[in-house]
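There are 2 protein chains.
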Amino acid sequence: MMMKGGHNHLVIMAGGVGSRFWPMSTPERPKQFIDVMGTGRTFLQQTVDRFEGVVPSENVWVVTSAAYADMVHEQLPQVPRQQVLLEPCRRNTAPCIAYVAWRIKSQDPKANMVVSPSDHLVTDVEEFRRVVSSALAFTETSDAIVTLGMKPTRPETGYGYIQADLSAPSLRNKGVFRVDSFKEKPDLATAKQYIRHEAYFWNSGIFVWNVNTIVNALRIYAPEISVIFEDLLPVYGTDDEQRRIDEEFPKCRNISIDYAILEKADEIFVMPADFGWSDVGTWGSLISLAQKDANGNAVVGQNVSLYETSGCMVHTTEERRVVIQGLKNCIVAEKDGTLLICQLSDEQRIKEFSAV
Amino acid sequence: MMMKGGHNHLVIMAGGVGSRFWPMSTPERPKQFIDVMGTGRTFLQQTVDRFEGVVPSENVWVVTSAAYADMVHEQLPQVPRQQVLLEPCRRNTAPCIAYVAWRIKSQDPKANMVVSPSDHLVTDVEEFRRVVSSALAFTETSDAIVTLGMKPTRPETGYGYIQADLSAPSLRNKGVFRVDSFKEKPDLATAKQYIRHEAYFWNSGIFVWNVNTIVNALRIYAPEISVIFEDLLPVYGTDDEQRRIDEEFPKCRNISIDYAILEKADEIFVMPADFGWSDVGTWGSLISLAQKDANGNAVVGQNVSLYETSGCMVHTTEERRVVIQGLKNCIVAEKDGTLLICQLSDEQRIKEFSAV
């Protein structure tokens, strides 16, 4: 007999190129492959770690781009090569999820899945496991599409929001609500309105469903994508898989799972959660999450000495020695022969800086 | 017949450890061995270059510490190994000059010498050559000890001063004056008084004398040092020289040529000069000498982009790419895995920073 949770599968989406953390993060080594917090584990490794006990280790899948395959294998040696799926090109999350859903279904038709980004931070891992286990229990016996909604702690304009329908007490007992609507990243005034209502949650991008639910939803709402991966059923797990994926995958349109399915399907639920989550999308969010010294500096690096310096984010893991004197509210980051010093308040210009 | 100036010898003192330019300059590679200005030539190389036509290239001598021998040979391949004298330990300038004086005398008893630091900057090389040639002509036929005195352009507190006796018109015709006294680095008020008088000059540390003059002065004023190097006359130029120097040199007391000779001897002259000299003793002096952009930034490094940045000294020759935004009046220097960012106004603390 299979162990409890033996059909639980973890899908980690690790194809992002994270340009906002330049020069720490580069297209050659994006954020998920970096030990951003200086903990000794990369974001990708931390992501796998936090599902321990929730998903059997042999049921971990990673979808990434071919360019990152070696880094995935290096950082997750326990994940078999055939469970690291390689996208030949970037087509956003819907084709990615369609591929891995059919791939898992071909092997485990009773699979129950959680899909997670690879570059987010969770501080309360115990609570995370409780919530994800609860969501998996819910989707094991239902056709629900569940997204984890974070209780907002501030009027964040960098996240999308989920508006829940709080009117059904029978669902509340299961810890979920139906989704009324998904909201794009709001302006500050709108975000302030949202957080006044208990019905609004941050969209974490963590999804839970059983494989038949997502496959059926894709068949209905994205049939032209579905047919591509359904047709490939005979080659999954064979030597021919990558070659055929390389041929067929690029034919998919570029569309997110949010647009393709979540905003259209009926049985969409949000499971409210509060496990210290951040998408760590900016240096500013990183400094707010990191351990700070008495002057509000967050330092990742060896042998860093600060004098008359406050509110700075220092990320200099490749320098042997760093001395900073007289800086306020700056980012100082060095990586692979590239040095960035910039005001934290100007970090939205990093894309511009890195492009020159 | 020997060419004109055939007895002219250049002695470059290249043993300094230059701690004020950390991390650009380190004890492993002090300032004189660095292309500080980004010109393609190190200070040591520039020093040799500026004596071209004044001293025959075969008469160039370098005194340095054993640790720097390879760097000297690498940067000055034209200087024969036996003319690079290696001090086994640091004993300040008097023992250094005594060693090289007897060493040169053993080979060329009619030698006429100019002694120069290796880490200074001269902007008007043509005028430099004119002045040095004139000083060498003076010492060729006199027992004068000549030091080059720079016409002060500001009340600099980082230099020692020379007070000249302007009362002898016969000397003025030769372009020299007798020295009244040497002055230690003054405070600002004193420096301001000095530069109001035309009798005060900056002490450049560039000396000119013939070899018999300096040898005789050493015999009189530093007999215990003199006897050491006089006793070694039989081994100069032999395979035994280094071994004996390694034994004897450490016995010398630690004393500068200024204290040992210049402040005691009688026939001391200053030759006023104005060839754009700086000892480049601080980052501040470097930025004042360097080419600057419209915002007063001096940049030595490749691919450096500055935004809203002014009055900064950037020296990042090992970085492939540097972006700096929103800094004012700072030093940004990176070298060999060490990064320094500090306010220019606090640069006197660099020694403290580098020691930690």
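In order, the protein sequence lines correspond to chains A and B. For the first sequence, the residue numbers in our numbering are 1 to 356. For the second sequence, the residue numbers in our numbering are 357 to 712. Every residue gets a Cβ at the ideal spot worked out from N, C-alpha and C, and that includes glycine.
Anticipated Cβ contact below 8 angstroms, residue i with residue j, distance rounded
i: isoleucine 145 of chain A; j: phenylalanine 207 of chain A; result: 7 angstroms
i: valine 215 of chain A; j: lysine 105 of chain A; result: 6 angstroms
i: isoleucine 268 of chain A; j: tyrosine 221 of chain A; result: Between tyrosine 221 of chain A and isoleucine 268 of chain A the Cβ distance is about 11 angstroms, and since that is not below 8 angstroms, they are no contact.
i: arginine 437 of chain B; j: phenylalanine 605 of chain B; result: Arginine 437 of chain B to phenylalanine 605 of chain B, Cβ: 18 angstroms. No contact.
i: glutamate 198 of chain A; j: leucine 218 of chain A; result: Incorrect: roughly 32 angstroms between the Cβ atoms, too far for contact.
i: aspartate 475 of chain B; j: glycine 394 of chain B; result: Actually they are not in contact, since the Cβ atoms of aspartate 475 of chain B and glycine 394 of chain B sit about 16 angstroms apart, beyond 8 angstroms.
i: arginine 20 of chain A; j: isoleucine 350 of chain A; result: 6 angstroms
i: glycine 505 of chain B; j: alanine 629 of chain B; result: 7 angstroms
i: glycine 561 of chain B; j: proline 473 of chain B; result: 5 angstroms
Residue range of the alpha helix (DSSP H) that includes residue i
i: tyrosine 159 of chain A; result: It is not in any alpha helix (DSSP H) - tyrosine 159 of chain A carries neither H nor E in the DSSP assignment.
i: isoleucine 225 of chain A; result: 223–231
i: glutamate 604 of chain B; result: 597–604
i: phenylalanine 399 of chain B; result: 399–405
i: phenylalanine 377 of chain B; result: Segment: none, phenylalanine 377 of chain B is in no alpha helix (DSSP H) and carries neither H nor E.
i: tyrosine 796 of chain B; result: Summary: the structure shown does not reach residue 796 of chain B, with chain B confined to residues 357 through 712, and so no result is reported for it.
i: histidine 9 of chain A; result: Element bounds for histidine 9 of chain A: not the alpha helix (DSSP H) but the beta strand (DSSP E), 8–13.
i: valine 131 of chain A; result: 125–140
i: phenylalanine 389 of chain B; result: Phenylalanine 389 of chain B -> no alpha helix (DSSP H), and no H or E assigned at all.
i: leucine 86 of chain A; result: Per DSSP, leucine 86 of chain A belongs to no alpha helix (DSSP H); it is in the beta strand (DSSP E), 84–87.
i: serine 641 of chain B; result: 639–645
i: valine 72 of chain A; result: 69–75
i: serine 701 of chain B; result: No alpha helix (DSSP H) holds serine 701 of chain B; DSSP gives it neither H nor E.
i: proline 344 of chain B; result: Lying outside 357 to 712, the shown extent of chain B, residue 344 of chain B is not represented and no answer is given.
Test item: CB-CB of residue i and residue j under 8 angstroms
i: alanine 457 of chain B; j: valine 567 of chain B; result: yes
i: serine 401 of chain A; j: glutamine 78 of chain A; result: No statement about residue 401 of chain A is possible, as the shown extent of chain A runs from 1 to 356 and does not include it.
i: phenylalanine 533 of chain B; j: valine 626 of chain B; result: yes
i: proline 30 of chain A; j: glycine 16 of chain A; result: yes
i: valine 679 of chain B; j: cysteine 342 of chain A; result: yes
i: threonine 42 of chain A; j: glutamine 75 of chain A; result: yes
i: leucine 188 of chain A; j: proline 155 of chain A; result: yes
i: glycine 305 of chain A; j: phenylalanine 709 of chain B; result: Per the sequence shown, residue 305 of chain A should be read as serine rather than glycine. Yes, Cβ-Cβ distance for serine 305 of chain A and phenylalanine 709 of chain B is below 8 angstroms.
i: histidine 9 of chain A; j: valine 55 of chain A; result: yes
i: glycine 657 of chain B; j: threonine 672 of chain B; result: yes
i: isoleucine 518 of chain B; j: valine 535 of chain B; result: yes
i: proline 88 of chain A; j: isoleucine 245 of chain A; result: yes
i: glycine 593 of chain B; j: glutamine 401 of chain B; result: no
i: valine 48 of chain A; j: phenylalanine 275 of chain A; result: no
i: asparagine 529 of chain B; j: glutamate 496 of chain B; result: no
i: threonine 694 of chain B; j: glutamine 681 of chain B; result: no
i: tyrosine 515 of chain B; j: lysine 548 of chain B; result: no
i: isoleucine 257 of chain A; j: threonine 64 of chain A; result: no
i: isoleucine 12 of chain A; j: alanine 98 of chain A; result: no
i: valine 280 of chain A; j: asparagine 297 of chain A; result: no
i: glutamate 319 of chain A; j: glutamate 334 of chain A; result: yes
i: tyrosine 68 of chain A; j: alanine 135 of chain A; result: no
i: valine 392 of chain B; j: leucine 642 of chain B; result: yes
Neighbour list for residue i in chain A, Cβ cutoff strictly below 9 angstroms
i: glutamate 690 of chain B; result: Glu319, Glu334, Leu339
Where residue i meets chain B, residues with beta-carbon distance less than 9 angstroms
i: glutamine 348 of chain A; result: None at all; the shortest Cβ gap to chain B is about 11 angstroms.
i: phenylalanine 353 of chain A; result: Ser661, Tyr663, Val679, Gln681
Proximal chain A residues relative to residue i, where beta-carbon distance stays under 7 angstroms
i: phenylalanine 377 of chain B; result: Under the 7 angstroms cutoff, chain A gives no residues; its nearest Cβ is about 13 angstroms from phenylalanine 377 of chain B.
The beta strand (DSSP E) enclosing residue i, as first and last residue numbers
i: histidine 315 of chain A; result: 313–316
i: serine 462 of chain B; result: Taken as a continuous stretch (DSSP letters only), serine 462 of chain B belongs to no beta strand (DSSP E), being part of the alpha helix (DSSP H) at 449–463.
i: phenylalanine 177 of chain A; result: 177–183
i: leucine 148 of chain A; result: 145–150
i: proline 298 of chain A; result: A small fix is needed here, since residue 298 of chain A is alanine in this sequence, not proline. Here the beta strand (DSSP E) through alanine 298 of chain A covers 298–301.
i: leucine 306 of chain A; result: 304–307
i: alanine 333 of chain A; result: 330–335
Proximal residues of chain B, C-beta to C-beta of residue i below 7 angstroms
i: glutamine 343 of chain A; result: Gln681, Gly682
Proximity test, residue i beta-carbon vs the ligand MG heavy atom, cut-off 7 angstroms
i: alanine 520 of chain B; result: The model depicted lacks the ligand MG and carries no ligand whatsoever.
For the segment 662–684 of chain B, enumerate the residues whose C-beta is nearer than 7 angstroms to any C-beta of chain A, in chain order.
-> Thr672, Glu675, Arg676, Arg677, Val678, Val679, Ile680, Gln681, Gly682, Leu683
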